[in-house]
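Under the numbering used here, the first residue of the sequence shown carries the number 1251, and numbering increases by one thereafter. Note that CB positions come from ideal geometry on N, CA and C, so glycine has one too. Bear in mind the structure is a predicted one, so any value in this text is a computation, not a measurement.
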Amino acid sequence: MRPLISICLHLFPRVSTPSPIPHPSPNPYFHLFLCLSHRTPIVTPPHPSPKIELVRTSLRYGLFAGAAIVVVNALLWWLDPLWLVRYAAYAGWVLYVGFMYALLRRERRAYPERMSLGAAFRLAWPVFVVGSLFEAVCNHLMLQDPAVQECVRTIALEGARARGQEELVGRIMGMDFGEFHLGSALLQYFQRLLIPGAIFALVVALVGSRR
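Spelled out as structure tokens, the structure:
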């Protein structure tokens, strides 16, 4: 029993710092009792403010949306690069709206008194900001694949011919994909934050803020 008490006495200061004991006792049982009864209470860290917690929740949902879009784009690219070019944007829109609405619905149930239109927009828009960054990086990497480049060229030619813009055919055939570097991808990303990102967030906020 004494070795067990000795081990407890050695491990105990790592859990919490005991207060000084004025008269240590040679009896290990009584000394263990004094250490347990005079320990300093463990101070729990303060909880973050509700605003910080909401920002964290929005960023977390944005990470989920971005990861889901990357998985969907990779699946479309694996099935057929033409599907990636045709349907990736629509799949991304559905995922953005779905994650935004799921977040607003969760927060509206938890804090119904705080769900104004402005608060709903501040919750929904960061989901698009974070998720769209994932999508921009994914699309930039996918566009380096020659098969995806040919699919982009094919769809652009189909659109030009369907609109009767034959003058664009030569320009599309000579399209240089080296122009789509990381800088142009970031420029498109910042443009998407307003259109359609802010529009999506505003529409979802209008719907999600209703009680």
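Output the boundary residues of the alpha helix (DSSP H) element that contains residue i.
i	result
M1350	P1331 to A1360
L1452	I1449 to G1458
Check each candidate in the options and name the one with the smallest Cα separation from residue i.
i	options	result
G1458	M1350, L1391 and L1304	M1350
L1334	Y1346, I1319 and G1348	I1319
V1377	P1396, A1448, Q1415 and V1398	A1448
G1312	M1392, F1384 and Q1394	F1384
L1373	A1410, C1388 and Y1346	Y1346
A1315	L1444, A1352, A1397 and L1437	A1352
G1433	M1365, V1453 and V1387	V1387
S1308	N1389, R1355 and G1420	R1355
H1390	L1325, A1338, A1317 and A1435	A1435
P1396	V1321, G1414, G1420 and D1330	D1330
V1454	R1421, S1366 and L1437	S1366
R1336	E1408, G1420 and R1358	E1408
F1440	E1303, G1381 and R1359	G1381
V1321	A1341, R1460 and L1437	A1341
On the three-state DSSP scale, how would you describe residue i?
i	result
Y1434	Correcting the residue identity first, residue 1434 is Ser in this sequence and not Tyr. S1434: helix per DSSP, three-state reduction.
Q1441	helix
Q1394	coil
P1376	helix
S1366	coil
G1414	coil
Near residue i, what residues of its chain come up, given a Cβ to Cβ distance below 8 Å and the 5 sequence neighbours on each side ignored?
i	result
L1332	C1401, T1404 and I1405
F1450	W1343, Y1346, V1347, M1350, A1374 and F1378
Excluding sequence positions up to five away, which residues of its chain have a Cβ less than 7 Å from the Cβ of residue i?
i	result
M1392	N1323, W1327, L1334 and V1398
F1371	A1451, L1452 and A1455
R1358	M1365 and G1458
Among the residues of its own chain, which have a CB less than 6 Å from the CB of residue i, if the five just before and after it don't count?
i	result
Q1438	none
I1302	none
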